[in-house]
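First comes the structure, then the notes that go with it.
Number of protein chains: 2
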Amino acid sequence: MLPSSKLLMTAVGELGPHAVKEAAARIAPYAVRTPLIRSDHIDSLLGVAVHFKCEHMQKTGSFKARGALNAVMCLPDDVAARGIVAHSTGNHGAAVAWAASIRGVPCTMVVPSTTPAAKLANIARHGANLIKCAPNLAARQTTAEAEAAMLGGGTIIHPFDDKMVIAGQGTIGAELLEQVAGLDAILVPVSGGGMIAGIAAACAGSSTRVIAVEPKGKRLKEALAAGERCVFRPEELAVRPTVPTVADAIPTVLLGERLAWPLVSALVDPRDVLTVDDGQIAAALRLTAAELKQAVEPAGAVALAALLSEGFQRLRLHSELPLRTVAAVVCGGNVDMEALARFLAPPP
Amino acid sequence: MLPSSKLLMTAVGELGPHAVKEAAARIAPYAVRTPLIRSDHIDSLLGVAVHFKCEHMQKTGSFKARGALNAVMCLPDDVAARGIVAHSTGNHGAAVAWAASIRGVPCTMVVPSTTPAAKLANIARHGANLIKCAPNLAARQTTAEAEAAMLGGGTIIHPFDDKMVIAGQGTIGAELLEQVAGLDAILVPVSGGGMIAGIAAACAGSSTRVIAVEPKGKRLKEALAAGERCVFRPEELAVRPTVPTVADAIPTVLLGERLAWPLVSALVDPRDVLTVDDGQIAAALRLTAAELKQAVEPAGAVALAALLSEGFQRLRLHSELPLRTVAAVVCGGNVDMEALARFLAPPP
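For the record, the sequence lines run as chains A and B.
Residue numbering for the first sequence follows my numbering, starting at 1 and increasing by one per position.
Residue numbering for the second sequence follows my numbering, starting at 1001 and increasing by one per position.
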């Protein structure tokens, strides 16, 4: 039931701490080495020392800048010059547009017509050409491929199932290992799995484990326990192609098939998956504002939601390995102000 | 028209960079060396490099923790053991309560009955004894003195016009001089003047100037130009004892007479005072959330409001001294979530 060992060995072999270190050197001149925030109040609530890794303060407002920049920087000059293309719910789009602007090459961004205004503005400001399409994966892929062809061979940057993207996201883990002594675990929100795959790769061989946090309805915990990437019936996926969560930046149901799933299924223990619902995410978002003084998108509060859950306390009290010092990745902060206001003070 | 030179020499002599360095060493084990945040977008809007000094991430959620801790730590053991008393609109109260808990001595806090819930909770969590009084300065002072007497000689920590409080707040300036190379100016919100006096003392002798930011109605610019601490008629002060501003953490009309005014009038140029109104503060608070991803109290957005003002651009373009690299003190983040929500998305 585990991924085929050949696929796994290839994925892990290519994507270990070494690949992440190379990515870190490549992005260092442009990306932010994001700070950590602490809260005595939250520490005492939880009984652990929590370091919040502020990826909402990353360039473009989310961790996606790391992977996108690493991927764009790796391209040969002639390939990069033809242009970069991506399709995105927002954060990957902003990140790729920014990365292309850093490299000084053209960028075309395919965006679902339902993307919030704050995210569109965050893409447009980096000078990308915006192309709207229907809000479904097939339309996005088709449109992106057509745009890449029009560029005479533009490079499509996949949002998560790409070696260089994963290595770039992994630099979050590499930084945390340097920033926090005796780090027992990192809590990572999961969507397509690029960030958690990269962080797990960065931590491979260390004593820091990676705890996945999923929005309810994603069923990653079941998938890892079963050793099956997809535990949904095809008809279920057809009617519900995204996870129904308020954390709209992490809507992807299945982990990337080529790299993310093999890496995550090899490196993350199924017991180390925590599941949070919309109410928990909203409460964590309010606590993030009130206590940490951070204005984040719902996905940015997902790791704190998991820390506040009973599941985390069970893990902490019953785990063979200690959970005394942990990091929570605050993955992004791109949220419409009206939406944020509704989370902070729900209408009566 | 300047403060009497004897008073000034005493104030400046006691409160220079040396006093601030001593304070920095005293508070270093407990206070946060707060991080800086940058935004490419805001830099390009303004034409200057802005470093936001994150005092809303300080212990207790505001810069007040620095001064309060320095003051409490300086007390002899037997004096400290009798207990600490303060009266406060909130941030100073939380800071003093926290400082007393660090020192392990009892604390009584006199709070105006109008203090917002978030601020009361922020005081109570540090174990202080809360005493409510009428929301006017006379009632606060009388009640605090009575409480100090009941403790058999408790120490009242003044919120701003105290040498050790000012030296503690000055550590913000000392840190900025270390954190930012070639810093041309620091923009500092002003209420009673403790923070700006301390920062100006820390910067005395450096090439970094201090720019005061005041809420409209405070008339500090006029006061400095006239060399008069108070430019109001007594009857004006009687009917309006606080500045009418949305930045409710900085309501004090007059700078502290004993130390804050002499220091500020000696060290801050009247041309280096910027004045902002409620609309400018609200817009800056929204930009702080949307762009910097920080959830702050209105006073925390006052320095950014000044940077966004025409007054700052006039200063930048017509100043003999360069304004290329500046810091803005984000002084606090203690705000009710309902109030923050109203700022982010004003009701139609």
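Built from N, CA and C at the ideal position, the CB exists for glycine as well.
Among B:Pro1116, B:Lys1059, B:Ala1117 and B:Gln1141, which has the Cα closest to the Cα of B:Ser1101? B:Lys1059
Residue of B:Cys1203, B:His1056 and B:Asp1162 minimising C-alpha distance to B:Gly1193: B:Asp1162
Contact list for A:Lys293 against chain B, beta-carbon separation under 7 Å: His1056, Met1057, Gly1061, Gln1294, Ala1295, Val1296 and Gly1333
Taking only beta carbons into account, state which residues of the segment 1315-1347 of chain B come closer than 7 Å to chain A, listed in chain order. Gly1333, Met1337, Glu1338, Leu1340, Ala1341, Leu1344 and Ala1345
Assuming contact is defined by CB atoms lying nearer than 9 Å, are B:Ala1327 and B:His1041 in contact in what I supplied? no
Contact under 9 Å by Cβ, A:Leu344 with B:Leu1120: no
For A:Arg286, go through chain B and note every residue whose CB falls closer than 7 Å to its CB, in chain order. Met1337
Strictly under 9 Å for the Cβ-Cβ distance: is B:Val1032 near chain A by that measure? yes
Short of 8 Å Cβ to Cβ, which residues in the segment 118-144 of chain A face chain B? Ala118 and Arg125
What does B:Ala1282 touch in chain A if you count any residue whose Cβ is under 9 Å from its own? The contacting residues do not exist; B:Ala1282 stays about 12 Å from chain A at best.
Cα-Cα separation, B:Asp1078 to B:Met1164: 18 Å
Do B:Pro1116 and B:Lys1132 have their C-beta atoms within less than 9 Å of each other? no
Boundaries of the alpha helix (DSSP H) in which A:Pro244 is found, first to last residue: Segment: none, A:Pro244 is in no alpha helix (DSSP H) and carries neither H nor E.
Alpha carbon to alpha carbon, how far is A:Arg240 from A:Gly47? 38 Å
Any chance the segment 259-278 of chain A sits against the segment 1020-1029 of chain B, with 3 or more Cβ pairs inside 8 Å? no
Counting contacts by CB-CB distance shorter than 9 Å, is B:Ala1289 in contact with chain A? yes
When the Cα of B:Ala1087 is compared with those of B:Asn1136, B:Ala1226 and B:Lys1053, which residue comes out closest? Looking at the sequence itself, residue 1087 of chain B is His, so the reference to Ala does not match. When only C-alpha atoms are compared, the closest one is B:Asn1136.
Can we say the segment 202-210 of chain A touches the segment 249-258 of chain A, given the rule of at least three CB pairs closer than 8 Å? no
Whole angstroms is fine: what's the gap from B:Gln1294's alpha carbon to B:Gly1152's? 43 Å
Just to confirm, is the Cβ distance from B:Ala1099 to B:Ala1068 under 9 Å? yes
Let me know the secondary structure DSSP gives A:Asn129 once reduced to three states. strand
When the cut-off is 9 Å and only beta carbons count, does A:Asp43 lie next to chain B? no
Contact with chain A by B:Ile1037, beta-carbon distance below 9 Å: yes
For the beta strand (DSSP E) that contains B:Ile1157, what are its first and last residues? Segment: none, B:Ile1157 is in no beta strand (DSSP E) and carries neither H nor E.
Residues that B:Thr1325 bridges to, as DSSP identifies them: B:Ala1049
For B:Pro1106, three-class secondary structure by DSSP: coil
Which of the three DSSP states, helix, strand or coil, is assigned to A:Ala295? coil
Taking the alpha-carbon positions, what's the B:Glu1297 to B:Cys1107 distance? 25 Å
Check the C-beta distance from A:Ala223 over to A:Val231 and give it rounded, since I have them as a contact under 8 Å. 5 Å
For B:Ala1212, the first and last residue of its enclosing beta strand (DSSP E): Arg1209 to Pro1215
From the beta carbon of A:Ala19, is the nearest beta carbon of chain B less than 9 Å away? no
Would you mind sorting B:Pro1189 into buried or exposed? The rule is 16 or more other CB atoms within 10 Å of its CB. buried
Which residue from A:Leu263, A:Phe160, A:Leu187 and A:Ile172 puts its Cα closest to that of A:Thr252? A:Phe160
What three-state label does DSSP hand B:Pro988 in the structure shown? A question about residue 988 of chain B goes unanswered here, because the residues of chain B that appear run from 1001 up to 1348.
Secondary structure of B:Ile1027, DSSP reduced to three states: helix
Does the distance from the C-beta atom of A:Thr208 to that of A:Ile186 stay below 9 Å? yes
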